[in-house]
Each structure stands twice: as C-alpha cells, then as structure tokens.
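Listed in order, the protein sequences are those of chains L and A. Quick note on numbering: the first sequence equals residues 711 to 1037 in my numbering. Quick note on numbering: the second sequence equals residues 711 to 1037 in my numbering. What follows is a single structure, written as structure tokens, with notes after it.
Number of protein chains: 2
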Amino acid sequence: MNLEKLAETVSKIDSFLSSRLSGEPKDLYQAASYLIDHGGKRLRPYMVIKSCQILGGTMKQSIPAAAAVEMVHNFTLVHDDIMDNDEVRHGVPTVHVRFGMPIGILAGDLLFSRAFETISKPYLHKSGNVGLNLVATLAKACTDVCEGQALDISMAKSSKIPSEDQYIKMIEKKTSSLFVASCAMGAISANKDFADVTRLSTFGRNLGIAFQIIDDLIGVTGNPKITKKPVGNDIREGKKSLPILMAIKKASSQEKKIILNAFGNSSVSKSEVERAISTISSLGIEDTIKQKAMYHSNAAMKSILIYDGSAKNELLSLLDFVVERSL
Amino acid sequence: MNLEKLAETVSKIDSFLSSRLSGEPKDLYQAASYLIDHGGKRLRPYMVIKSCQILGGTMKQSIPAAAAVEMVHNFTLVHDDIMDNDEVRHGVPTVHVRFGMPIGILAGDLLFSRAFETISKPYLHKSGNVGLNLVATLAKACTDVCEGQALDISMAKSSKIPSEDQYIKMIEKKTSSLFVASCAMGAISANKDFADVTRLSTFGRNLGIAFQIIDDLIGVTGNPKITKKPVGNDIREGKKSLPILMAIKKASSQEKKIILNAFGNSSVSKSEVERAISTISSLGIEDTIKQKAMYHSNAAMKSILIYDGSAKNELLSLLDFVVERSL
C-alpha cells in the first residue's frame, strides 16, 4: 500500500476534522477530539475519498462524508470503551478514563451529532439529494453498528459458543456496516447512481468482513510487538471470535480442554496461553481463516473491476494491506 | 389545556414511534422503547405537529419530525440517567438499571440513529429540501443539548454559584434547544420559509426557557404529591438551579447559612430542608421567578400572534399549561 498517499489524504481530513470539532465548552470538545488526535489509520475516510474519486468525483466533494464517517467511527470507539470498561486505546487512556464517564458519553454523542451536521449543512442550498442520501446511509449504518454491538454483548454473555454464521452476521453489522457506508457515501458524494453505489457498497462490505476476520486472527495468534497487546489477549479475555469458535468445533476433547482452560481466564499463566495458541495453530485454523479473508478480498476486488484509474489501484492496495496484516 | 386533543395526538405519535422502534436484537429495541412505553407527556411532538398545522400543514406531514424529536428527547434522558446515576424515571427503573449500562448506552445511541433515519428516508425521493433541513436542524439541536449538558456538569462540579446569565445560557442549550428544534421542524415539515421557521423557533425558545424555569421552581418549592419527588429534592441534591442561585444572592448571611446547610446535603433532616424552603420563599424568590417565566411566556405568545386558527390556540394553551404547573 502506498503509505505516502494515505498520509497525504489523512492530513487533509485531519485539518477538516479539527475545524469541525472545535467549540465550547472546551473540555467537551477536547474529549470529542481526543482519540482522533491520538491515532487511528483513517481507513474509513480514505475509503470514502477513493470511492468518490474512482467514479470521477473530487477529494473536495468527498471531504464532508469522509469526516462524518471518521466522527461516527470514533463515537463508536468512545462508547464501546465505556461499555467494555477498557482503559487504554492508541496507547493513551480511553476518553472516559481521561475525562470521566459523563463527559465520555457526551463526547460520543457530540461526535454523532457533529457528523450529521457535517453532511447536512453544506448541501442545504444545493439541488439534488446528495446530502439527504448521505444522511440516510450513515444513519442506517449507525443503527446496524448498534445492533451488531448488542449482538456481540449477548454472545459474550451467553454460555454457548456461537455458530460461524451467527458470528459473521454480527461482524457484518458491528464492523462491516461502517465500511459499506464509507464506500457508499463516497459514491453518493460523487453524485453517482444506484449501480455505482451498490458496487462500491459490495467492495466495502467484503473489505470490512476480511478486515475483521484478520483482526480476530491477529488477536489470537498475532505478534505482540505488532498488536501492542499481550500474546493471546483475546483468548485470555474470552472473546468469542472466529478462530476460537472454529478451533473449539474442530478440536478433540483433549485439545478443547487445553483451549478452554485458557479461554476467558484472566489469571492463566503465559505458558498455558501459549499452549492454547499452539493447539489452535495445530488445528489448521489459521490457513482456513486466511482463505476466508481471501474469499472476501476477492469478492471486493471483483466488485470494482469495471473501473479504471489510480483510485481503483489505491482501493486494491488497501485491500491487500488489510489482508496482509496477518502475514 | 385541552387534554383530549393532546391524548388524541399522542396516540397517533405512539403507534408511529413503536413501528419505528421495532427490530432485532429484541432486548436492544425493548431498551430503546422502554421509557417511551412508560410515560412522558409528548410535549415536543405535540409542538412539532401544532407548529406544522398553524402554517397550514397536515398532521401526516409532521409525523416523521414529531417522532424524531421524541426519540432524541428520550435518547438524552437515557444517557443523562447514566451520567447522573439516576435509578428511577416515570416511576420505573431507568433503562441502564433495568437492562444494564452497556445496553443503556446503546439504546440511547439507537434512538439517535433511528431519529435521523426517520427524517431522512421518507424525503429521499421528494423534491425540495425539507428532509435535509429537518436533519440539519435536529443535528444542531443535539449538539446544543450536548454542550448544555456539559455546561451543567461543570456547573455542578464547580465550587462557585453560577450567575443568572450563565444559568440561562445553560438551560437554553440543554432544554430549550430541543423545543426550538421541535417548532422549527414543524414549520419546515409544512414546507414553509425562513420567516415562519424563525417565528416558530422564537415561540419554542421562550416556551422552553419558561418550562425549565418553572420546572426548577417546582423542584425546590413544589408539592411532593405533584412532583412525585421528596419535598425540596433539588435542594438536597445540591442542584444549582435558578431559585437557589437567586436566593443565595439575595439572602442575608444568616439566611444563607440555613439554605447552604441543606444544600447538597443528602443526610439533612426533613425539618431542616423545610426551613431552607421557607427561607427561600420568604425572600420573594417565587414571585420573581414566576415573573421571569411570564416574561418568556409573553414573548412566546407574541411570536405567533400573526397566525390564526385552532393550532394557534392549542399552542397558546400549551404555553399556559407549562407556566401554570407551578400554581
């Protein structure tokens, strides 16, 4: 992936975001900008911009939608961290830890309302329905994200291990829906019709699923130097992610015992976690998961084959980047 | 106020709301509907509908905006209850107490996204910019509400007693902005122009301020049988509301001592609270506050004098109802 291109795009988005996230009272706006200021790859705004450019639109046309999507993404992070009681993100304290829980909730809410201000105001005096289409698309995605997060919470609470289908349904809502919206909103910003919006949405949906599948794999077998999390973090936390549910389905009763001994067990020793990881690896799970990610990556690629130009290549590079994070 | 008219309107809004708040997972949608199902006067949707009708619009035209405003109102209640750690509302457990904090946060978020879906989708294939205007107006109001709530939190934390101006600025954002949006969105739903939207917004702003001023008065001196809260509840909780800050400004040092002894003191005796209330009453605060509410009520009335018809009378009755709650 051309990281320079990404960095150049990011800097334009960042200055627009910071202009849209200033106001009074200061601590509320600081809390709302806090995570954005401290990291994030800006994958979603990049997808908005490139989805607009692939259809002949300009970066300028796509900036409001790109910023709105990043605000919504950060809103979900801020609220998720409160729900999960997480204390660190991007290597800094989470928003509710830094500013207190009430301002944390409000900062998320503010990012939400600012996102919808950002995609409505600039279109108020323009003809056509680009603005309203952006709003309807983003609002639907937010509903999906809420539903996906509620599914995730109920999966985590349940004593059952979910099926693969249930799991994919959950990540389609929780993660993929905002990638779908990003690509769709890029196409809408370029003032394109239904067929283009659908193609780009298909790209976003498949990229999103591949992204989450690989993320889950990294969470279990990933190199702690890259993930910046302790080895086998998701096993210790008892996260019912794809590698775990596939491994448990495939394991012998002896292997299952080794995995479940470490699963959701915060006081488990490092060597026991490592034994669980190597047991999972020995089941051939990694290859199967990478194949699944590749399947979705291919589907994403196919959906934009009819286009040409540099934005197409940049979207394809992004796809490689997402899948190859695991290698 | 003609309560039959209100009840008739409420039942139409309620069935629309319930159709917009059904989905999966069930517990999330139950949590999102929970407060709406258990009470609320639907003042804001009533204002949307009457503001549309006063300009010649129909109830049908105003239903999406009316429902969206009620969803946003309930979203703020659900999140406020988490921030304030309140356990009871409308005589039932608050959403986060009943469904747990994570689902409470999500239920609020879902109400938010559903509100924006509700005012965007029906307008997608219509000409004109009614839908986008509704979105921009509601999103701006949500930002104001967040800012107002943050101001309220910082006032509560501070050791200082705020000035009357600071207080009014806070309630304009926290409470009044959604009344402004309700009336403006009614006018926009009727497809009316800037002058009408401005007049109705002025009505909503002044009604909202009067509403909150009276609410604060009831919180200090109100009859517990009507408020369903212990006598002097806001004094015990240390709420820096208008009656308190006016009383403290006006009190002699001896009187101040009596008030501050009960203020924010959860273990204070009933007779000490009553002594604080009668001290506040003896300062003539109640009359001054009622005059302030009347001032805003008059300003509201004047702003819609140029109109005629039954919806005008209903809005004026609503104004009386809001101000006369204290009598």
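Cβ coordinates follow ideal geometry from the N, Cα and C atoms, glycine included.
Report the three-state DSSP secondary structure of residue i (helix, strand or coil).
{"i": "A:Val807", "result": "helix"}
{"i": "L:Val798", "result": "strand"}
{"i": "L:Val941", "result": "coil"}
{"i": "L:Thr1044", "result": "There is simply no residue 1044 of chain L to check, as chain L begins at 711 and stops at 1037 in what is shown."}
{"i": "A:Glu718", "result": "helix"}
{"i": "A:Ala891", "result": "helix"}
{"i": "A:Pro735", "result": "coil"}
{"i": "L:Asn933", "result": "coil"}
{"i": "L:Tyr684", "result": "As shown, chain L starts at 711 and ends at 1037. That puts residue 684 of chain L outside it, with no answer to give."}
{"i": "A:Asp925", "result": "helix"}
{"i": "A:Asp1018", "result": "coil"}
{"i": "A:Thr998", "result": "helix"}
{"i": "L:Val978", "result": "coil"}
{"i": "A:Ile968", "result": "helix"}
{"i": "L:Thr768", "result": "coil"}
{"i": "L:Ser823", "result": "helix"}
For residue i, decide whether its Cβ has a neighbour in chain L, counting only Cβ atoms nearer than 9 Å.
{"i": "A:Phe726", "result": "no"}
{"i": "A:Lys864", "result": "Correcting the residue type first, residue 864 of chain A is Ser in the shown sequence and not Lys. At least one chain L Cβ lies under 9 Å of A:Ser864."}
{"i": "A:Asn839", "result": "yes"}
{"i": "A:Tyr877", "result": "no"}
{"i": "A:Cys856", "result": "yes"}
{"i": "A:Lys1022", "result": "no"}
{"i": "A:Leu888", "result": "no"}
{"i": "A:Ala1010", "result": "no"}
{"i": "A:Ile815", "result": "yes"}
{"i": "A:Ala860", "result": "yes"}
{"i": "A:His748", "result": "no"}
{"i": "A:Leu993", "result": "no"}
{"i": "A:Leu834", "result": "yes"}
What do you get for residue i, buried or exposed, if any count of 16 or more other CB atoms within 10 angstroms of its CB means buried?
{"i": "L:Ile1016", "result": "exposed"}
{"i": "L:Pro812", "result": "buried"}
{"i": "A:Gln964", "result": "exposed"}
{"i": "L:Asn843", "result": "buried"}
{"i": "A:Glu827", "result": "buried"}
{"i": "L:Gln1001", "result": "exposed"}
{"i": "A:Glu882", "result": "buried"}
{"i": "L:Asp926", "result": "buried"}
{"i": "L:Lys884", "result": "buried"}
{"i": "A:Thr804", "result": "buried"}
{"i": "L:Thr786", "result": "buried"}
{"i": "L:His835", "result": "exposed"}
Spell out whether any CB of chain A is found under 9 Å from the CB atom of residue i.
{"i": "L:Ile881", "result": "no"}
{"i": "L:Leu1037", "result": "The predicted position of L:Leu1037 is uncertain, since its pLDDT is 47 and thus under 50; a value taken from the coordinates is nonetheless stated next. Output row for L:Leu1037: interface = no."}
{"i": "L:Thr853", "result": "yes"}
{"i": "L:Thr849", "result": "In the sequence under discussion, the amino acid at residue 849 of chain L is Ala, which differs from the Thr named in the question. Output row for L:Ala849: interface = yes."}
{"i": "L:Leu812", "result": "Just to set this straight, residue 812 of chain L is Pro in the shown sequence, not Leu. Closer than 9 Å: yes."}
{"i": "L:Leu842", "result": "yes"}
{"i": "L:Lys831", "result": "yes"}
{"i": "L:Ala846", "result": "yes"}
{"i": "L:Gln771", "result": "no"}
{"i": "L:Leu753", "result": "no"}
{"i": "L:His1006", "result": "no"}
For residue i, verify whether its CB is less than 8 Å away from any heavy atom of the ligand SAM.
{"i": "A:Lys966", "result": "With respect to small molecules bound, the structure shown includes none, and the ligand SAM cannot be examined in it."}
Any C-beta of chain C sitting closer than 9 Å to the C-beta of residue i?
{"i": "A:Leu1028", "result": "Here the protein chains are L and A, and chain C is not one of them."}
Inset, instruction - Check distances from the C-beta atoms of the segment 818-829 of chain L to those of chain A and list, in chain order, the residues that come in under 7 Å. - result: Residues passing the 7 Å Cβ filter: Asp819, Leu820, Phe822, Ser823, Arg824, Phe826 and Glu827.
Legend entry - Residues, ordered as in the chain, of the segment 773-799 of chain A that lie near chain L by beta-carbon distance below 7 Å: Answer set for the segment 773-799 of chain A: His789, Ile792 and Met793.
Inset, instruction - May I ask you to verify whether the segment 913-926 of chain A touches the segment 999-1011 of chain A, counting CB pairs closer than 8 Å and requiring at least 3? - result: Taking 8 Å as the limit for Cβ pairs, the verdict is that the segment 999-1011 of chain A does touch the segment 913-926 of chain A.
Legend entry - Segment contact flag, the segment 795-810 of chain L with the segment 777-786 of chain A, C-beta cutoff 8 Å, min 3 pairs: No, the segment 795-810 of chain L does not touch the segment 777-786 of chain A.
Legend entry - Selection of the segment 714-744 of chain L by Cβ proximity to chain A, strictly under 8 Å: If the cut-off is 8 Å between Cβ atoms, the segment 714-744 of chain L has Gly733, Glu734, Pro735, Asp737 and Leu738 near chain A.
Inset, instruction - Name, going along the chain, the residues of the segment 907-921 of chain A whose beta-carbon falls closer than 8 Å to a beta-carbon of chain L. - result: So nothing in the stretch comes that close.
Inset, instruction - Tell me, please, whether the segment 792-800 of chain A touches the segment 719-726 of chain A by the rule of three or more beta-carbon pairs shorter than 8 Å. - result: Judged by Cβ distances under 8 Å, the segment 792-800 of chain A makes no contact with the segment 719-726 of chain A, as fewer than three pairs qualify.
Inset, instruction - For the segment 760-780 of chain L and the segment 893-911 of chain L, state whether three or more C-beta atom pairs, one from each stretch, are separated by less than 8 Å. - result: Verdict: yes, contact present.
Legend entry - Meets three-Cβ-pair contact criterion under 8 Å: the segment 953-962 of chain A and the segment 862-878 of chain A: Yes: at least three Cβ pairs fall under 8 Å.
Inset, instruction - Decide yes or no for the touch test of the segment 974-993 of chain A against the segment 1018-1029 of chain A: beta carbon pairs closer than 8 Å, at least 3 of them. - result: They do not touch, by the three-pair rule.
Legend entry - Cβ pair count under 8 Å reaching 3, the segment 852-872 of chain L against the segment 850-862 of chain A: Verdict: no, contact absent.
Legend entry - Contact residues within the segment 937-967 of chain L, judged by C-beta distance below 7 Å to chain A: Residues of the segment 937-967 of chain L with a C-beta less than 7 Å from any C-beta of chain A: none at all.
Legend entry - Touching by the beta-carbon criterion (3+ pairs, under 8 Å), the segment 916-924 of chain A and the segment 960-975 of chain A: The segment 916-924 of chain A makes no contact with the segment 960-975 of chain A: fewer than 3 CB pairs, one atom from each, lie closer than 8 Å.
Inset, instruction - Indicate whether the contact test is met: 3 or more Cβ pairs, each with one atom in the segment 902-911 of chain L and one in the segment 980-989 of chain L, closer than 8 Å. - result: The count of Cβ pairs closer than 8 Å, one atom from the segment 902-911 of chain L and one from the segment 980-989 of chain L, stays below three, leaving the stretches out of contact.
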